[in-house]
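Here is the structure we will look at.
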Amino acid sequence: DTEVTQTPKHLVMGMTNKKSLKCEQHMGHRAMYWYKQKAKKPPELMFVYSYEKLSINESVPSRFSPECPNSSLLNLHLHALQPEDSALYLCASSQGGRVNYGYTFGSGTRLTVV
Amino acid sequence: AQKVTQAQTEISVVEKEDVTLDCVYETRDTTYYLFWYKQPPSGELVFLIRRNSFDEQNEISGRYSWNFQKSTSSFNFTITASQVVDSAVYFCALSEDLNQGGKLIFGQGTELSVKP
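Line by line, the protein sequences give chains X and L.
Position 11 (the first sequence) corresponds to 11 in our numbering; numbering is contiguous.
Take any residue in the second sequence, count from 1 to its spot, add 1000: that is its number in our numbering.
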């Protein structure tokens, strides 16, 4: 299995809702990432988990809450989002450690906040 | 700090033309990794190539080729005999050598349109 699977593929939520995005990989990768991508822009790093511990938080607002329950799963909990948070959310994984073999991306969750 | 610059925002070519996408990077690390990704309209990021900083050998894969020049901090991507299916946004990206998960930083992307 060489894939990163993200669910759901599409999500519409109100500003008062609580929802979660899910990401799963079974490649034994020990680093996992959340990226946010607005239309016509490059992906922007949000969070990095390394060996199931949060190692990088790129000053993301607290309405985004990441969670790494185990080495294969990564969640992004969403609460009280704003319309400007509408974007494509991409999950990625990598081997971790000092040698970089590359990053595998999921197909993303298209989030619309209404 | 690391930075990737893709000066070409949009490129339009006619099918069968050759096209080169430019990428210039900045980093203070001596060990780093460069990548190219393709993003079609469907949204997924498709990995094309990874190049280590200590390996300056250029690479060819079918119609794709990459020219890595450390002296000019450039990692350019050429598509030979372009096809309509090559239409997509292409991102150049840089990752530094970190003990933990390395941050992958993207350039602004180049939108390539190949017309029949």
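Cβ atoms here follow ideal geometry from the backbone N, Cα and C, with glycine treated the same way.
Under 9 angstroms, CB to CB, which of the residues in the stretch 44-55 of chain X have a partner in chain L?
Glu-44, Leu-45, Val-48, Tyr-49, Ser-50, Tyr-51, Lys-53, Ser-55
With DSSP run on the structure shown, which of helix, strand or coil describes Ser-50/X?
Your numbering for residue 50/X matches position 50 in the first sequence. Three-state DSSP puts Ser-50/X in a strand.
Beta-carbon proximity check, Ile-1079/L vs Asp-1022/L, cutoff 8 angstroms:
Within the second sequence, the letter at position 79 stands for residue 1079/L. Within the second sequence, the letter at position 22 stands for residue 1022/L. In this structure, Asp-1022/L does not lie closer than 8 angstroms to Ile-1079/L by Cβ.
Which class does Pro-83/X belong to by DSSP, given the choice of helix, strand or coil?
Translated into the one-based positions of the first sequence, residue 83/X becomes position 83. Helix at Pro-83/X.
Suppose the cutoff is 6 angstroms on Cβ atoms and the five residues either side in sequence are ignored; what does the same chain contact list for Asn-57/X look like?
As a first step, residue 57/X is located in the first sequence; it is residue number 57 there, counting from the start. Within the same chain, Asn-57/X has close Cβ partners Phe-47.
Against chain L, which members of the stretch 82-96 of chain X pass a CB distance test of less than 8 angstroms?
Leu-88, Leu-90, Ala-92, Ser-94, Gly-96
Could you check the C-alpha separation between Gly-1062/L and Leu-1048/L for me, to the nearest Å?
Numbered from 1 along the second sequence, position 62 holds the residue referred to as residue 1062/L. Numbered from 1 along the second sequence, position 48 holds the residue referred to as residue 1048/L. Between Gly-1062/L and Leu-1048/L, the C-alpha separation is close to 12 angstroms.
Chain-ordered neighbours of Gly-108/X on chain L, where CB pairs are closer than 7 angstroms:
Counting from 1 along the first sequence, the entry for residue 108/X is found at position 108. Chain L residues near Gly-108/X: Gly-1043, Glu-1044.
Closest by C-alpha distance to His-79/X, when choosing among Cys-91/X, Ala-92/X, Ser-65/X:
For this step, residue 79/X is matched to residue 79 along the first sequence. Measuring from the Cα of His-79/X, the nearest candidate turns out to be Ser-65/X.
Within 8 angstroms, strictly: CB atoms of Leu-74/X and Tyr-49/X:
For the purposes of this step, residue 74/X is taken as the residue at position 74 of the first sequence. For the purposes of this step, residue 49/X is taken as the residue at position 49 of the first sequence. It is a contact, given that the beta carbons lie within the stated cut-off.
Reducing DSSP to helix, strand and coil, say where Thr-109/X ends up.
On the first sequence, position 109 is the one that residue 109/X refers to. Residue state, collapsed to three classes: strand.
If you follow the beta strand (DSSP E) that Val-1084/L is part of, which residue opens it and which one closes it?
Here residue 1084/L refers to the residue found at position 84 when the second sequence is read from its first residue. Here Val-1084/L belongs to no beta strand (DSSP E), and DSSP marks it neither H nor E.
Where does the unbroken beta strand (DSSP E) through Ser-1065/L begin, and where does it stop?
As a working mapping, residue 1065/L is identified with position 65 in the second sequence. 1064-1069 is the span of the beta strand (DSSP E), which, as asked, contains Ser-1065/L.
Close Cβ partners of Ser-72/X (< 8 angstroms) along its chain, the five nearest in sequence each way excluded:
Taking the first sequence and counting its residues from 1, one reaches residue 72/X at position 72. Contacts found: Glu-24, Gln-25, His-26.
Using beta-carbon positions only, say whether Gly-1107/L and Val-1004/L come within less than 8 angstroms of one another.
As a first step, residue 1107/L is located in the second sequence; it is residue number 107 there, counting from the start. As a first step, residue 1004/L is located in the second sequence; it is residue number 4 there, counting from the start. Going by C-beta atoms, Gly-1107/L is nearer than 8 angstroms to Val-1004/L.
Taking the alpha carbon of Ile-1060/L as the point to measure from, which residue in Val-1046/L, Phe-1054/L, Asn-1076/L has its own alpha carbon closest?
Locating residue 1060/L in the second sequence gives position 60, where the first residue counts as 1. Cα-wise, what sits closest to Ile-1060/L is Asn-1076/L.
Can you find a C-beta in chain L that's less than 8 angstroms from the C-beta of Phe-105/X?
In the first sequence, the residue the question calls residue 105/X occupies position 105. Answer yes: the Cβ-Cβ gap between Phe-105/X and chain L drops below 8 angstroms somewhere.
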